[in-house]
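Heads up: the structure comes next, in structure tokens.
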């Protein structure tokens, strides 16, 4: 893993600390929006959070959350479901860093400030490889510092409404192969009323969430190894989705 | 293998992923694989893995970051073969 320039490392440290300083004015309001205004409900939320907190406690290895992707609010709902807002105020490093699409979340200055404060590193999907690589290296750096990150292993929100095993994004595997000890946490999230992809989940929806650590492996090296890792993560999500529909 | 031979093979490997056939007809070393040929960025990884198979080389993630144009791909392969 290549070392980031001092200026970039300092910028991330500054972003993290400012976000933490102001966390009470954004963590709780986001939870309020999800819980009260949108009236979202996480099924078995107490059990989910107990499991997640135990998982976090059992190891200090970096954690990369790898969820399925159906709506633009998935990362917020997942973070809220797993940790809970009050818990995050005392475990700030466990609020996952996100890499949202620049054009959706950071093209206007108010959203850019919001994204900066809420641990986001905007990315232009399909942009120049050097730019995408720069963002990936930032995530690698943050994970190696003990932070948590969330990256969608599918290349986009699923157009079919199901995990798309042939739409694998390479970044997840690349990060996993380059950050020593990084644990991928596959997360499957679905609202009961979520038929296909959308911008936001339906108001009042009730969410099923399941998660598990996977240990990808590969006999290859280089890009092929990263690719194998990404594919295994997506394949696991496919399995989790099958379990969800089988149990409905 | 000459640069021209590598270029021809690269174009053949890229061809199935190209969405802009007009740009492919006028392909040159400075043709951008993503923006000119309209190849899906996720598919660029498949293309580079095909380079590995075709030319019997191994490409690291960071090597691949430099591949924007067809000429970049040719240069990378040439470097790996030398």
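Chains as they are written, first to last, in our numbering: chain A, 4 to 251; chain B, 35 to 116. Here a beta-carbon is modelled for each residue, glycine too, at the ideal position from N, C-alpha and C.
Anticipated Cβ contact below 8 Å, residue i with residue j, distance rounded
i: residue 152(A); j: residue 99(A); result: 6 Å
i: residue 164(A); j: residue 73(A); result: 7 Å
i: residue 143(A); j: residue 182(A); result: 5 Å
i: residue 29(A); j: residue 120(A); result: 6 Å
i: residue 37(A); j: residue 79(A); result: 7 Å
i: residue 79(B); j: residue 173(A); result: 5 Å
i: residue 57(B); j: residue 38(B); result: Actually they do not touch by this definition, with Cβ atoms about 20 Å apart.
i: residue 75(A); j: residue 94(B); result: Wrong, their Cβ atoms sit about 33 Å apart, outside the cutoff.
Same chain only: Cβ atoms within 6 Å of residue i, ignoring 5 sequence neighbours per side
i: residue 115(A); result: 109
i: residue 167(A); result: 157, 161
i: residue 216(A); result: 186, 188
i: residue 81(A); result: 70, 190, 192
i: residue 221(A); result: 228, 231
i: residue 122(A); result: 22, 98, 100
i: residue 50(A); result: none
Neighbour flag for residue i against chain A, beta carbons, 7 Å
i: residue 32(B); result: Since the first and last residues shown for chain B are 35 and 116, residue 32(B) lies out of range.
i: residue 92(B); result: yes
i: residue 76(B); result: yes
i: residue 44(B); result: no
i: residue 82(B); result: yes
i: residue 95(B); result: yes
i: residue 99(B); result: yes
i: residue 108(B); result: no
i: residue 61(B); result: no
i: residue 52(B); result: no
i: residue 73(B); result: no
i: residue 48(B); result: no
Any chain B beta carbon closer than 7 Å to residue i
i: residue 104(A); result: no
i: residue 72(A); result: no
i: residue 246(A); result: no
i: residue 163(A); result: no
i: residue 157(A); result: no
i: residue 147(A); result: no
i: residue 144(A); result: no
i: residue 229(A); result: yes
i: residue 82(A); result: no
i: residue 220(A); result: no
Spatial neighbours of residue i in its chain, beta-carbon cut-off 7 Å, leaving aside the 5 residues before and after
i: residue 61(B); result: 45, 104
i: residue 170(A); result: 157, 158, 159
i: residue 98(B); result: 82
i: residue 115(B); result: 35, 89, 91
Residues near residue i in its chain [Cβ-Cβ closer than 8 Å; skip 5 each side]
i: residue 5(A); result: 140
i: residue 108(B); result: 37, 40, 41, 44, 63
i: residue 90(A); result: 52, 56, 97
i: residue 102(B); result: 66, 67, 68
i: residue 219(A); result: 176, 179, 187, 231, 232, 235, 236
Short CB-CB distance (under 7 Å) between residue i and chain C
i: residue 132(A); result: Going by chain labels, chain C is absent from the structure shown, which instead holds the protein chains A and B.
Next on the checklist: Under 8 Å: do the stretch 36 to 51 of chain B and the stretch 195 to 204 of chain A share three or more Cβ pairs, one atom per stretch?
Outcome noted: no
Next on the checklist: Quick check: the stretch 113 to 132 of chain A against the stretch 38 to 53 of chain A, are at least 3 beta-carbon pairs closer than 8 Å?
Outcome noted: no
Checklist entry - Taking contact to mean at least 3 C-beta pairs separated by less than 8 Å, is the stretch 167 to 182 of chain A in contact with the stretch 225 to 232 of chain A? => result yes
Checklist entry - At a cut of 8 Å, does the stretch 50 to 66 of chain A reach the stretch 80 to 96 of chain A through at least three beta carbon pairs? => result yes
Checklist entry - In chain order, which continuous runs of the alpha helix (DSSP H) of length 4 or greater are located wholly inside the stretch 135 to 219 of chain A? => result For the stretch 135 to 219 of chain A, whole alpha helix (DSSP H) runs of length 4 or above, ordered along the chain, are 174 to 181.
Checklist entry - Should the stretch 190 to 198 of chain A be called in touch with the stretch 64 to 71 of chain B, which here means at least 3 C-beta pairs below 8 Å? => result no
Checklist entry - Is the number of C-beta pairs between the stretch 209 to 223 of chain A and the stretch 72 to 80 of chain B that are closer than 8 Å three or more? => result no
Next on the checklist: Quick check: the stretch 60 to 67 of chain A against the stretch 136 to 153 of chain A, are at least 3 beta-carbon pairs closer than 8 Å?
Outcome noted: yes
Next on the checklist: Please give the ranges of any alpha helix (DSSP H) in the stretch 71 to 138 of chain A, keeping only runs that are unbroken, at least 4 residues long and fully inside the region.
Outcome noted: 77 to 86, 88 to 93, 105 to 108, 112 to 120
Checklist entry - Considering only residues of the stretch 61 to 110 of chain B, which uninterrupted alpha helix (DSSP H) runs meet the minimum length of 4 residues and lie entirely inside it, listed in chain order? => result Correct list: 75 to 89, 95 to 98.
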